[in-house]
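Enquirer: The sequence shown begins at 853 in our numbering and counts up one residue at a time. C-beta atoms are modelled at their ideal positions from N, C-alpha and C, and glycine is treated no differently.
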Amino acid sequence: MDNLAESLKQVPLLGALSTEQLQMLARLATIKNFGKGKKIIQQGEPGAGLFVILDGTVEVTVKPNPTASEIKITTLSQGDFFGEMALIDGFPRSATITALSETRVVELGRWVFLDAMRREPSIGVALVPILTRRIRELEQYRHQHQAEYTAS
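Right, dumping it as structure tokens:
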């Protein structure tokens, strides 16, 4: 548990939490392992958790419409997180996340994470620029691949 709390402290988003808060998150978190090529989350599915990468690398892709090919947005690795959009707004997942290598993640459930944000508002403040950057990246790809959006 202490090792997981230490790993979570290295995540910039969670760095402001106290040792006790990190230990509470670690107790309520679930560690999951994914083999290379395995989908961790699928675009369009319901989402109720935030994932923090402990080890490995993942690829973030979006599919503009059902007949379009997947478009690579970015790769994420140790210390990065994903799943925050669906976690906050309750809408379906906006991207697919696939393990590019053996990957170990910790999943924080929606209510666990939202409670942590309530206890430590700086988490929400730290999340805003990250969300803004990721939304801008998605919009950039939408504009670049406009033909794929209108293909069907």
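For the 8 Å Cβ check, are there 3 or more pairs between the region 979-993 and the region 890-908?
Expert: The answer is no - the region 890-908 does not touch the region 979-993, with fewer than three Cβ pairs under 8 Å.
Enquirer: Contact defined as beta carbons within less than 8 Å: I believe residue 922 pairs with residue 948. What is the distance between those atoms, to the nearest angstrom?
Expert: 7 Å
Enquirer: Find the nearest neighbour of residue 936 within the set 993, 981, 855 and 875, judged by alpha-carbon distance.
Expert: 981
Enquirer: Near residue 894, which residues of its chain fall below 6 Å by C-beta distance, leaving aside the five closest residues on each side in sequence?
Expert: 948
Enquirer: Do you know offhand how far residue 857's Cα is from residue 870's?
Expert: 10 Å
Enquirer: Under a three-way DSSP split, which group does residue 932 fall into?
Expert: coil
Enquirer: Within its chain, find whatever has a CB closer than 8 Å to the CB of residue 950; leave out the 5 residues flanking it on each side and keep chain order.
Expert: 889, 890, 891, 892, 910, 911 and 913
Enquirer: Where residue 915 and residue 868 are concerned, what is the direct C-alpha to C-alpha distance, given to the nearest angstrom?
Expert: 35 Å
Enquirer: Relative to the alpha-carbon of residue 897, which residue among 942, 974 and 929 has its alpha-carbon at the smallest distance?
Expert: Of the listed residues, the one whose Cα sits closest to residue 897 is 942.
Enquirer: Spatial neighbours of residue 931 within its chain, please: C-beta separation below 7 Å, excluding the five flanking residues on both sides.
Expert: 862, 863 and 905
Enquirer: Can you tell me whether residue 899 is buried or exposed, with buried defined as 16 or more other CB within 10 angstroms of its CB?
Expert: buried
Enquirer: Could you spell out the range, first to last residue, of the alpha helix (DSSP H) harbouring residue 964?
Expert: 962-971
Enquirer: Keeping to the same chain, check which residues put their C-beta closer than 8 Å to that of residue 925; ignore five residues upstream and five downstream.
Expert: 912, 913, 914, 947, 989, 990 and 993
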